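With positions in the sequence shown counted from 1, the corresponding number in the numbering used here is that position plus 111. What follows is a short report on a single structure.
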Amino acid sequence: MQTKLVRVSETEVASDPEQRKAIEKAGQILREGGLVAFPTETVYGLGGDALNRESSRKIYAAKGRPSDNPLIVHIACLEALYPIVEEVPESALRLAKAFWPGPLTMILKKSGLVPFETTGGLDTVAVRMPSDAIARAMIEAGGGYVAAPSANTSGKPSPTQAKYVAEDMDGKIDMILDGGAVCIGLESTIVDLTEERPMILRPGYITKDMLEKVLGEVEVDRTILSADSGLKPKAPGMKYRHYAPKGELTIVSGEEDAVVDTINRLSKENTVRGEKVGIIATQETRERYAAAVVKCAGRRADEEAIARSLYTILREFDDEDVTVMYSESFEGSEMGQAIMNRLLKAAGHHVIETHKSKEKEER
Ligand code: TXA
Ligand code: MG
Numbered sequence: 112m113q114t115k116l117v118r119v120s121e122t123e124v125a126s127d128p129e130q131r132k133a134i135e136k137a138g139q140i141l142r143e144g145g146l147v148a149f150p151t152e153t154v155y156g157l158g159g160d161a162l163n164r165e166s167s168r169k170i171y172a173a174k175g176r177p178s179d180n181p182l183i184v185h186i187a188c189l190e191a192l193y194p195i196v197e198e199v200p201e202s203a204l205r206l207a208k209a210f211w212p213g214p215l216t217m218i219l220k221k222s223g224l225v226p227f228e229t230t231g232g233l234d235t236v237a238v239r240m241p242s243d244a245i246a247r248a249m250i251e252a253g254g255g256y257v258a259a260p261s262a263n264t265s266g267k268p269s270p271t272q273a274k275y276v277a278e279d280m281d282g283k284i285d286m287i288l289d290g291g292a293v294c295i296g297l298e299s300t301i302v303d304l305t306e307e308r309p310m311i312l313r314p315g316y317i318t319k320d321m322l323e324k325v326l327g328e329v330e331v332d333r334t335i336l337s338a339d340s341g342l343k344p345k346a347p348g349m350k351y352r353h354y355a356p357k358g359e360l361t362i363v364s365g366e367e368d369a370v371v372d373t374i375n376r377l378s379k380e381n382t383v384r385g386e387k388v389g390i391i392a393t394q395e396t397r398e399r400y401a402a403a404v405v406k407c408a409g410r411r412a413d414e415e416a417i418a419r420s421l422y423t424i425l426r427e428f429d430d431e432d433v434t435v436m437y438s439e440s441f442e443g444s445e446m447g448q449a450i451m452n453r454l455l456k457a458a459g460h461h462v463i464e465t466h467k468s469k470e471k472e473e474r
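Given below as structure tokens:
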């Protein structure tokens, strides 16, 4: 299959006739059961008609994704929510008012309109209204309901740029809309509204605090930061070793000097052994590291910058054939949990806790 790559811009998509035509074409492909990758504010999505079971099957095939891992249905207006769910609880309306369009996905009871192929056999459905203008125009042109996982091959970091989508999907899908680099860089926050208490199943840009201001107390799925493989996450996709780079990633946490010393020592040992070492540093520490590849994720206090660069850095390590990687740890208050959740998965929960002189290794 020939994959058509078309450039579109968020600011011109409504007015430029050529770009408008590209969106119409994307809509036609979706309505005919084809697949289109598109930018959202979080990461690129791999879209198909959410109400067409064949399209959902094609999405799983293109990603190489297990079909018990449900897809998120993307909508462009609030009215589109009602036909695909059994009921719209008051909590969903409040969240929609506060955070839609935006990086929040809600789990609700599905209606008969949504095929089980889209929900991985579940009787609930994940719904999100993205804020990206290209995504919204495409969803409308495509009939209003677009099932879209992140547009990466299953197990790879989610794509933050169209070139990474092309790397994974070229020849497997009909079209890629290239809208440039995404804004947020980590997938949406997922909140389950089907139980008595709302529960965060995946942390993201919309934090627990932000949700609690709207809903009151919100629970957090205990598996989000835990390495205990006996716990079963409520979002089926969270059980897979996601976001994995090709090399071995280890997170080193603790006080700054101890972290820098430990990473430098391990970097040296591995380099001597013939490994190509990559380090995820911060603005504050980058100059203090010695390794083949040192990447700066941003200023430590700037969690949004770190979130935005994380997947790009992991992809760049792959491109540069890095075999052993170390990252500082990010336990900040806002997006820190989302960053740490993705990093822990990428590292297979391999963390070294440094204490001033001795080291304790945890698996
Ligand atoms: O930001 C995002 O959410 C991106 C963009 C493209 O919108 N999409 C995305 O989709 O991250 P995906 O498929 O990579 O991740 C969806 C997650 C999976 O962990 C899946 O298990 C969970 O959502 N999920 C989907 N439907 C669910 C449901 N009914 N119940 C529980 N978890 C669900
Ligand atoms: Mg994904």
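A virtual CB, placed ideally from N, CA and C, is assigned to each residue, including glycine. For clarity, every value in this text was computed on a predicted model and none was experimentally measured.
Near ligand 1: residue i beta-carbon under 6 Å from a heavy atom
i: Val199; result: no
i: Val331; result: no
i: Ser202; result: no
i: Pro260; result: yes
i: Ser444; result: no
i: Val276; result: no
i: Asn452; result: no
i: Ile218; result: yes
i: Leu162; result: no
i: Ile250; result: no
i: Ala346; result: yes
DSSP beta-bridge partners of residue i
i: Met80; result: Because the chain spans 112 through 474 in this model, residue 80 falls outside it and cannot be assessed.
i: Val225; result: Answer is none; Val225 lacks a bridge partner.
i: Phe149; result: Gly156
i: Gly389; result: Val404 and Met436
i: Val117; result: Leu288
i: Val331; result: Ile311
i: Glu359; result: Val435
Near ligand 2: residue i beta-carbon under 6 Å from a heavy atom
i: Pro268; result: no
Whole-Å CB distance - residue i paired with residue j, under 8 Å assumed
i: Val293; j: Thr271; result: 5 Å
i: Pro150; j: Asp243; result: 6 Å
i: Leu215; j: Arg239; result: 7 Å
i: Ile183; j: Ala237; result: 4 Å
i: Gly232; j: Asn180; result: Not really, about 10 Å apart at Cβ, beyond 8 Å.
i: Val124; j: Ala248; result: 6 Å
i: His185; j: Ile250; result: 6 Å
Residue i classed as buried or exposed, judged by whether at least 16 other C-beta atoms fall within 10 angstroms
i: Thr318; result: buried
i: Lys469; result: Confidence is the limiting factor: at Lys469 the pLDDT is only 49, short of 50, which leaves the residue's position unreliable, though a coordinate-based value still follows. Its Cβ having fewer than 16 others within 10 Å, Lys469 is exposed.
i: Leu360; result: buried
i: Cys188; result: exposed
i: Ser167; result: buried
i: Ser337; result: exposed
i: Asp279; result: buried
i: His466; result: exposed
Checklist entry - Are the region 147 to 166 and the region 330 to 349 touching, with three or more C-beta to C-beta distances below 8 Å? => result no
Checklist entry - For the region 383 to 397 against the region 265 to 272, are there 3 or more C-beta pairs whose distance is under 8 Å? => result no
Next on the checklist: Does the contact criterion of 3 or more C-beta pairs under 8 Å hold for the region 160 to 180 versus the region 121 to 136?
Outcome noted: At 8 Å Cβ cutoff, the stretches do not touch.
Checklist entry - Does the count of Cβ pairs from the region 339 to 350 and the region 421 to 441 closer than 8 Å reach three? => result no
Next on the checklist: Under 8 Å, with one C-beta from each stretch per pair, do the region 273 to 292 and the region 402 to 418 reach the 3-pair mark?
Outcome noted: no
Checklist entry - How about the region 210 to 224 and the region 112 to 121: do they share at least three Cβ pairs that are nearer than 8 Å? => result No contact exists between the region 210 to 224 and the region 112 to 121.
Checklist entry - Quick one: any contact between the region 134 to 146 and the region 305 to 322, if contact means 3 or more CB pairs under 8 Å? => result no
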